[in-house]
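These notes are about the structure you will find just below.
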């Protein structure tokens, strides 16, 4: 064994002969770094044959082998593997290659959903296509299934460890001793780094700045939010985990505030990944069940169409009966494994879920419908949303209707007005479109605020409709965005000079 010549691994790291004697640990290549780690846990036979096995796996040419030695990062090292995809596309065709990639992504996604496993393959550290050659895809699937069976939910995964196991598992070797070495190596890889959980997060230990950065709400308002949402003192998960209401709310807000993985939140909250996932989905279900009616029904105590129409008209809108603005939003998602054409928007050119929202001049979302398939047109969404019958009930005392304003896709009806269309508009028509556009632009600022406040909802690579209730996440994000505007206002409310209702009044609707 190589380590017999050294007293410590650190000493071996410093003195190991990598074949590039002037190399220092600070300047070593990714090849040398992986080779050192490999040598520390393998026999001399594998040390001697490491370079040949590595080059064989990546299928480098003789001219490329020397170039591999000087790769300074994992990205450049793995770029050699990614280059194989072009050749595979030519040999097998795009449909077959994409089918293999989707299968692998779906498999790893199931592992994430069941045990909160965070595999490097999911986050573009590795292209799935790189593993499809020579049975590597199937071998990786076997490894992921093994991880699921062992239920390594609290273990942190490292790209080099996974890569090392895959390189070691050479299909050309059937030696039983090699298989035993593989088992030992896999155990070392899986159990080598176990997460030590920190103490639970206490909001009292955070400064005002830290609290707002982490959760989007100030400390005092977190307490108001707890009370207004009527969050219970404790949540109990189906597996027995108990979490206080404040901690549950913090987990929800932190998860939504920024694109992250569950393993990134382990150190913050001192809980294992499966616990965090269970707690998050528990409070999402609770808030959605109890407060969704505030977004799908226009029977709202704060909705004052007469006053809203007056304010909009005073800001320069030619319409004197317009109280709100309607628009559709395409929420991009990861490409689903099944029924991709259903979720694909030909207009946006990506896979998505669509939502329809009506925003009032005080900045609040008065109505939200969705999700619906990405292929659907805005006009179709309007027809199935049930919004039109609700608009019919919003009229003046003399029976004249109040209206909302939207883009041309919604057409013109008794309760919805849209811009004039055509190549040759009259000066008055052009003036109407221009003046309505000026007031509408202020409301459009609000349409993108959900993803701005809660950036996790804008991280489409982790929004997988077959594994997560993505639509429910967005609805809860919209509710919390309204709560944020009740507390701090918005650009839209400032523009029109309208104060939103208090947080308590909005959530209680009384």
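In my numbering, the protein residues as written are 18 to 527. Glycine is no exception: its CB is placed at the ideal position from the N, C-alpha and C atoms.
When DSSP states are grouped into helix, strand and coil, residue 459 belongs to the helix group. In terms of CA proximity to residue 379, 512 leads the group 364, 512, 392. Nearest in C-alpha terms to residue 344, of all of 480, 458, 409, 226, is 458. Segment contact: the stretch 450-469 against the stretch 367-377, three or more CB-CB distances shorter than 8 Å; contact assigned. In this structure, residue 489 keeps its C-beta atom at 8 Å or more from the C-beta atom of residue 351.
Nearest neighbour of residue 323 by Cα position, chosen from 239, 314, 419, turns out to be 419. When 321, 386, 441 are compared, the shortest CA-CA separation from residue 411 is found for 321. Proximity to residue 454 across 336, 397, 230 peaks at 336, based on C-alpha coordinates. In this structure, DSSP gives residue 495 a helical state, which the three-state scheme calls helix. The continuous beta strand (DSSP E) containing residue 367 extends over residues 367-376.
As summarised for the stretch 373-445, the continuous alpha helix (DSSP H) elements at least 4 residues long and confined to that stretch are 395-402, 404-408, given in chain order. In the structure shown, the three-state DSSP call for residue 334 is coil. DSSP links residue 343 through a beta bridge to 375. Residue range 520-525 is occupied by the alpha helix (DSSP H) that includes residue 523.
Note on geometry: alpha-carbon atoms of residue 425 and residue 253 lie some 49 Å from one another. Counting C-beta pairs closer than 8 Å gives fewer than three between the stretch 496-514 and the stretch 389-401, which falls short of the contact rule.
Residue pairing of residue 361 in beta bridges, as defined by DSSP: 368. Assigned with DSSP and collapsed to three states, residue 447 falls in helix. Between the stretch 356-365 and the stretch 431-443, the count of C-beta pairs closer than 8 Å stays below three; the two stretches do not touch. For residue 233, same chain residues with a beta-carbon under 7 Å away, outside a window of 5 residues either side, are 270, 274, 470, 501 in chain order. In terms of CA proximity to residue 331, 514 leads the group 239, 526, 522, 514. Annotation: residue 525 to residue 244 spans about 11 Å, alpha carbon to alpha carbon.
Counting only the Cα atoms, residue 281 lies some 43 Å from residue 421.
Residue 305 places its beta carbon less than 8 Å from that of residue 492. Note that the C-beta distance between residue 308 and residue 268 is not below 8 Å.
Residue 367 and residue 393 have their alpha carbons spaced roughly 13 Å apart. Rounded to the nearest angstrom, the gap between the Cα atoms of residue 265 and residue 231 is 14 Å. Boundaries around residue 297 are those of the alpha helix (DSSP H), 290-308, since no beta strand (DSSP E) includes it.
Distance from the CA atom of residue 395 to the CA atom of residue 427, rounded to whole angstroms, is 7 Å.
The bridge partners DSSP lists for residue 265 come to none.
In the structure shown, residue 469 adopts helical secondary structure according to DSSP, grouped into three states. DSSP lists 261 as the beta-bridge partner residues of residue 251. Of the other Cβ atoms in all chains shown, fewer than 16 fall within 10 Å of the Cβ of residue 443; this residue is therefore exposed. Between residue 467 and residue 494, the C-beta spacing is below 8 Å.
The beta-carbon separation of residue 483 and residue 276, rounded to 20 Å, does not stay under the 8 Å limit for a contact. Residue 245: member of the alpha helix (DSSP H) spanning 236-245, first to last residue.
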